[in-house]
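Residues 293 to 717 in our numbering are what the sequence shown spells out, letter by letter.
Ideal placement from N, C-alpha and C gives every residue a C-beta, glycine not left out.
Okay, so here's the structure we're looking at.
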Amino acid sequence: MGQITDHPLRYQLANELHTRPFPTLSAPGTVAFLALKQSSDTERNREQDRALLLDLLDRFGAPHPHPDATHYFGTLGKNQLKWEQHTEFVTYTLFREGVPERAFDPAEFEAFPADWLDGIQHLRVTSLIMQVEMREDDGGIVEKVQEWFVPESVALSSMLDGSLVAGGDFRIDAAGHLRFALFVSKGTGNRRVGRVIQRICEIETYKSMSMLGFARVKEMRAELDRCDAALIALISNMTETGDAPEKTLTDLLKVTAELEQQSATTAYRLAATKAYEAIVHQRIEVLREERFQGRQTFREFMMRRYDPAMRTVKATEERLMTMTNRATRAGNLLRTRVDVERSAQNQSLLASMDRRADLQLRLQKTVEGLSVVAISYYAVSLAGYLLYPLAEVLGMSKGTLTALATLPILALVWWLIHKVREKMD
């Protein structure tokens with residue numbers, strides 16, 4: 293095998309599958325999670341993400357990751373830090389053993405220095421605190437859930453064959469964080485706990501990112517309604533004797549351009565929303581949820597609260613595509629109508645030109661006849677001056693001699709003009 297040449301990307305691609313290992317955490321423990329996004333959707337500055345991480349690590353004297361790394365795991369004071377760089381956002385996750393006396397204490401985020409947080413130019417997508425406790429009795433879990441979360445929004449389910457119970461209400465508390473609780477059964481491995489923590493953080497993050505698409509389509513609604521009304525009016529005008537087709541076509545092209553602009557400016561966000569939605573459902577699927585104490589599961593919560601928003605995004609995307617196609621078809625139809633009318637105008641113009649050409653030909657023939665007469669008149673006069681001296685010799689009068697010369701001269705002039713016209717034709 294030593295003679296086989298490896299593909300230059302073989303090791304890089306193989307190692308890519310192992311660049312984001314799951315964290316490990318033993319119960320009891322606490323998780324503080326922060327997801328940040330740059331303000332621009334398309335112009336991503338990854339060096340800015342890395343500079344923010346290095347600034348945080350330097351405050352604790354922690355080692356730096358590889359220059360091209362998109363993942364980092366290390367010690368940050370009393371906490372373990374996991375950093376991940378994704379396509380649109382970066383995440384910071386702090387793991388700490390033990391739980392505070394006050395459940396979901398905002399002080400868990402104090403591991404991030406206050407001046408470092410103040411200097412962040414990114415936008416916060418989401419942040420959450422997760423309390424990981426040992427599962428003792430189910431009655432105690434119900435009491436804590438009722439105390440910690442809003443009853444009408446709470447999702448609580450048993451996961452991974454009953455090895456864990458997870459709950460949360462997906463609401464932002466007074467400190468600006470979401471709250472989740474994880475109750476771990478005895479014998480559950482730390483890696484399994486870490487995987488569930490990772491999945492819950494991903495569910496919240498991708499849910500928040502996909503809701504950006506929902507906010508975008510809500511902003512589009514008024515503009516689409518206006519374009520739709522204008523498009524309907526223009527199409528109706530095409531079937532009536534309204535404005536000139538050229539004016540209608542100009543207005544229609546303007547509406548089409550606006551729809552194309554909407555499609556171009558929202559294509560990235562709508563495509564990302566679709567991908568994030570798929571990830572959310574996939575992450576929930578792998579948790580293998582079972583109903584706990586009759587409460588709604590994470591899947592049911594998403595089905596009731598999250599899926600309608602995603603259906604709105606899909607419906608708006610389909611509406612935009614349908615309106616664009618309708619405007620394009622109407623434009624093609626109107627252009628065909630304009631072309632037909634122009635063809636009819638051209639035919640009428642050609643017929644008029646034919647009539648004018650016929651009149652010109654007749655006029656030309658008339659002018660040619662008059663020209664023969666005029667030229668012959670001058671030619672006879674000139675011939676008379678040449679023949680008058682012969683009149684006495686021939687015994688003829690000048691008038692008789694002129695009369696005899698007129699017809700030959702007239703015939704000669706007509707023949708010459710006819711030959712000239714033939715050469716010109």
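Does DSSP classify Ile527 as helix, strand or coil?
-> helix
What is the DSSP secondary structure of Ser419, counted as helix, strand or coil?
-> strand
Inter-stretch contact (C-beta, 8 Å, three-pair minimum) for the segment 313-329 and the segment 381-398 = yes
Own chain residues within Cβ distance below 7 Å of Val434, not counting five before or after = Gln585
8 Å CB neighbourhood of Lys606 in its chain, flanking five on each side removed = Lys566
Return the Cβ separation of Glu569 and Met530 in integer angstroms, given the expectation that the two are a contact with Cβ distance under 8 Å.
-> 39 Å between Cβ atoms; not a contact.
Would you mind working out which of Gly431, Ser445, Met426 and Glu444 sits nearest Ser455, comparing C-alpha positions?
-> Met426
Could you have a look at Gly459 and say whether DSSP puts it in helix, strand or coil?
-> strand
With a cut-off of 8 Å, do at least 3 Cβ pairs link the segment 573-581 to the segment 435-446?
-> no
Check: Thr497 C-beta below 7 Å from any heavy atom of the ligand ADP = Annotation note on the ligand ADP: not contained in the displayed structure, which lists no ligands.
Residue range of the unbroken alpha helix (DSSP H) whose run includes Arg336 | From DSSP, Arg336 is part of no alpha helix (DSSP H); its letter is neither H nor E.
DSSP state of Ala361 mapped onto helix, strand, coil | coil
Label Ala327 either buried or exposed according to how many other C-beta atoms from any shown protein chain fall within 10 Å of its C-beta, with 16 as the threshold for buried.
-> buried
If you compare alpha carbons, which of Arg583, Leu544, Leu523 and Phe365 is closest to Ser450?
-> Arg583
Measure the alpha-carbon distance for Gly676 versus Arg713 and round it to whole angstroms.
-> 28 Å
Residues that DSSP places opposite Gln553 in a beta bridge = For Gln553, which the question treats as bridged, DSSP gives no partner whatsoever.
Tell me whether Leu674 is buried or exposed, calling it buried when 16 or more other Cβ atoms sit within 10 Å of its Cβ.
-> exposed
Straight-line Cα distance separating Gln304 from Ile296 = 17 Å
Report buried or exposed for Trp707, applying the criterion of at least 16 other Cβ atoms within 10 angstroms of its Cβ.
-> exposed
Whole-angstrom distance between Val509 and Ala458, CA atom to CA atom = 32 Å
Just grab the DSSP bridge partners of Arg471 for me.
-> Ile421
Secondary structure of Lys329, DSSP reduced to three states | strand
Under the DSSP definition of a beta bridge, which residues are partnered with Gln377?
-> Val382
Start-end ranges of the beta strand (DSSP E) lying completely within the segment 593-646, minimum 3 residues = none
Please name the residue, chosen from Leu474, Gly411, Arg629 and Leu470, that lies closest to Asp341 on a Cα-to-Cα basis.
-> Gly411
Cα separation between Ala666 and Pro681?
-> 25 Å
Taking the alpha-carbon positions, what's the Ala636 to Ala622 distance?
-> 21 Å
Does DSSP put Val434 in a helix, in a strand, or in coil?
-> helix
Does the Cβ-Cβ distance between Met615 and Leu551 come in under 8 Å?
-> yes
Can the beta-carbon of Pro315 be found less than 8 Å from the beta-carbon of Gln423?
-> no
Are there 16 or more other CB atoms within 10 angstroms of the CB of Arg463, so buried, or fewer, so exposed?
-> exposed
Can you tell me the Cβ-Cβ gap for Leu702 and Ser668, rounded? I've got them flagged as a contact below 8 Å.
-> 4 Å
Helix, strand or coil for Ile464 per DSSP?
-> strand
What does a CB cutoff of less than 8 Å around Val613 pick up in its chain, not counting 5 residues either side in sequence?
-> Per the sequence presented here, residue 613 reads as Met, with Val not at that position. Closer than 8 Å at the Cβ level, and outside the excluded window around Met613, lie Ser555.
Could you check the C-alpha separation between Ala250 and Ala521 for me, to the nearest Å?
-> Residue numbering for the chain in the displayed model covers 293 to 717; residue 250 lies beyond these limits and cannot be assessed.
How many whole angstroms separate the CB atoms of Ser419 and His469, which I take to be in contact at a CB cut-off of 8 Å?
-> 5 Å
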